[in-house]
Amino acid sequence: MTEYTIILLSVIALFIPLLGFIITLFSGKKFPKVYWFEVGVTGLGLLISIIICFAKLAFYNNQNIISGFQWFSIGAADSPSRYFIELGIKIDNVAALMLLVVYIISFVVHLFSVEYMHGDKRYNRYFAYLGIFTFSMLGIVVTHNFLMMYIFWELVGLSSYLLIGFWFEKKSASDAAKKAFLVNRIGDIGMFIGILILFFTYKTFTFDSIFSQISQGHLPFDSTAWLTAAGILVFMGAVGKSAQFPLHVWLPDAMEGPTPVSALIHAATMVAAGVYLLVRIFVMLTADAMLTIAIVGAFTSFISATIALTQNDIKKVLAYSTVSQLGYMVMSVGVGAYAFAFFHLVTHAFFKANLFLGSGSVIHAMHHEQDIRNMGGLRKKMPLTYLTFLISSLAISGIPLTSGFLSKDGILAGTLAFGKLTGHWLIPVFGFTVALMTAFYMFRLVILTFHGEPRDREKYEHAHESKFVMAAPLVILAVLSVFIWYTPNPFSPDAGWFLSSWVKTPHTVVPAESQFNFMIYNAAGESALHGEIVHSELYTETIHWAHYPAMLLSLILAGLGILIAYVMYQWKKIDVDKLTEKLKPLYNLSLNKWYLDELYHATAVAGVIGLSKVLAWFDNIIVDGIVNGAGYLTKLTSKLSGLFDIYVVDGLVNFSAFFSGFIGLSFKRIQTGKVQTYVVFVVFSVIILLLIFKSF
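In structure tokens:
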């Protein structure tokens, strides 16, 4: 297969979901089953993505396939400062794998939705929205430049708004959609500013051109600090999309959308866009930027895991679990283990999408009941859903023979290596603590949902296993959560490096020896840019050293978390209610999500509302007062002017006319036209004049 063919197939794969969106949206009323067209084109896209991925990895493993075209130019034609804006496609190994992941998740969600959304009054519109979302996400994956990525980044925000607020007649759903849209805008503004810094420095949006100039020492404003700022600002886009602290608050609320949407957007694709962005820009991140990213990811992972411990809504538990795992991936990029971050992105996409679809299967069977305190005993009624849910729970807990064991082991080994090389041990402490909490809250969820006796007998009696179109995606995703697809030996130190030869190719634009690749802090805490450079070879060796300690410690902690869950909820050796009372402040802190929503409402939201009230008062009283006063004054002036015009100007004019008329009427009688009369008047006038002169 030629490079041209791969590019052509990539363009087809990009645009066929858009075609599905257009046809499904505009033909829905005329053809009630047009949604099958959208499902069909997604299946076709999946087939094409498989071909692209296989061809790229098999025949062009060490080569990036790029094709672009000039969109428009800036500057005069003969000006030396003229530069060109390009759009284009880049298919490297990361893009090929991500393309396949997006299409797999999208297709199984389409298939699952056929039954789950059956009977909805906006059935075809729902599938159309899935199509536009898939198109938007694919645009982020295949682009070769920042501008095109930002365009599709905003399209993802729009399509997620439509899907989260799909049941917009529910106030909670419409509010969640607005919250997601607004919170993401905050991160996107930072990303936009970062992209502008890069553009005005390098006069291009293209990734490879920018990274090449950075590797040659060309920095924004000739300052490392500005390169750090640009990296952190671009990272802000990932903070929004990938729900990192402090912009993570939108994701749990977004569970108001249909459950298949949660699987598509909030488990595998949209939220993974931020991590994908970080993998794309990794080579330009400075030591300070990476440390910032690592701290944000670690803290996000920790606080989200603590919140998931006490949530009772099945989708909220999975939502906070998603935020926590995304924090893991971001932390992994920050500590330099970006290949493992992408590895976990892939594995997490499958087992978390399976967990969300499994929760959808449970909710569907329980007549839209989402509170796990009203469930129980469902493994007897829904054995297939239970088995697939259990496999994915084991995977996210990092249990051997699952995909999650491989990727989480790599991330935790990366944090240990980072701690050893830099002395920042708090980051691995957060990482391993989260591993314990993840295993606990996931098996708390499994036990309360599927084990024990049913707590709502009426809903339990009506529960049943899902139909084939809902069960098949669960089986597919559960199978993809097993280790065999990723490595033949899951306990080898190299098991997690299956992606390393694909993600980090020998032909990376910025060479491994560059100070801008794998830059981390040295043991003295001095920036690698100004001190000793820690090369990727040393970091790789340290990760290999950390492999077995990390694996052993994570297994102990995961096993301990599962054991505690069984002791508390299965065997009931610990009275949960009494323990809750003893730990009431901590329990309430977790249950109420660290009161972050309340804090934001009391500060940011209340501040904006207060400012808007002040501005409204200023507008009503001052601005409108000035405008209304000017209007009143103008009206009064015009009224006085009218009176002056009527009584003075018109009065003078009318008086002149009246006086002229009066004079005319007065002299009309003496104007007889007879000469004799005029002679008499003259004689009479002469006599009068003589008498007057005589008196003097």
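26 is the number of the first residue of the sequence shown in my numbering; add one for each residue after it. Don't be surprised by glycine CBs; every beta carbon is placed ideally from N, CA and C.
- Minimum Cα-Cα distance from Val127 among the listed residues Thr372, Lys693, Val708 corresponds to Thr372.
- Under the 8 Å Cβ criterion, the region 187-201 does not count as touching the region 98-114, having fewer than three qualifying pairs.
- In the structure shown, Trp96 adopts extended strand secondary structure according to DSSP, grouped into three states.
- Val36 is positioned such that its CB atom lies no closer than 8 Å to that of Ile48.
- With contacts defined as CB atoms closer than 8 Å, Gly456 and Leu437 qualify as a contacting pair.
- In the DSSP assignment, Phe217 falls within the alpha helix (DSSP H) that extends over 196-227.
- Straight through space, the alpha carbons of Leu431 and His569 are spaced by roughly 13 Å.
- In the DSSP annotation of this structure, the continuous segment of the beta strand (DSSP E) that includes Phe109 starts and ends at 108-116.
- Contact between Tyr108 and His389 does not hold, since their C-beta atoms are separated by about 54 Å, which reaches or exceeds 8 Å.
- Closest by C-alpha distance to Phe152, out of Leu289, Gly182, Gln238, Tyr227, is Leu289.
- Here Thr231 carries a strand assignment [DSSP, helix/strand/coil].
- In the structure shown, Asp145 adopts coil according to DSSP, grouped into three states.
- When DSSP states are grouped into helix, strand and coil, Asn170 belongs to the strand group.
- For Asp103, the secondary structure class from DSSP, reduced to helix, strand or coil, is coil.
- Relative to the Cα of Asn209, the nearest Cα in the group Gly182, Leu172, Ala364, Phe232 belongs to Gly182.
- Of the other Cβ atoms in all chains shown, fewer than 16 fall within 10 Å of the Cβ of Leu611; this residue is therefore exposed.
- Look at the beta carbons and you see the region 256-263 not touching the region 327-342: under three pairs across the two are nearer than 8 Å.
- C-alpha of Glu623 to C-alpha of Tyr301: approximately 31 Å in a straight line.
- When the five nearest sequence neighbours on each side are left out, the beta carbons in the same chain lying within less than 7 Å of the beta carbon of Ile73 are those of Leu34, Ile37, Ala38, in order along the chain.
- For Pro42, the CB contacts under 6 Å within the same chain, skipping 5 residues up- and downstream, are Gly156, Thr159, Phe160 in chain order.
- Judged by DSSP in its simplified three-state form, Ile424 adopts coil rather than helix or strand.
- Look at the region 263-311 and you find these whole runs of alpha helix (DSSP H), each 4 residues long or longer: 275-278, 284-288, 297-306.
- Bridge partners of Val673 according to DSSP: none are assigned.
- Beta bridge pairing from DSSP links Asp622 with no other residue.
- Between the alpha carbons of Gly689 and Ser666 lies a gap of roughly 32 Å.
- For Thr67, the enclosing alpha helix (DSSP H) has its first and last residue at 60-84.
- DSSP, reduced to helix, strand and coil, places Asp247 within a helical segment of the structure shown.
- For Asp396, the secondary structure class from DSSP, reduced to helix, strand or coil, is strand.
- Counting along the chain, the unbroken alpha helix (DSSP H) around Ile32 starts and ends at 28-52.
- Nearest Cα to Phe51 within the set Val601, Val633, Gly93, Asn149: Asn149.
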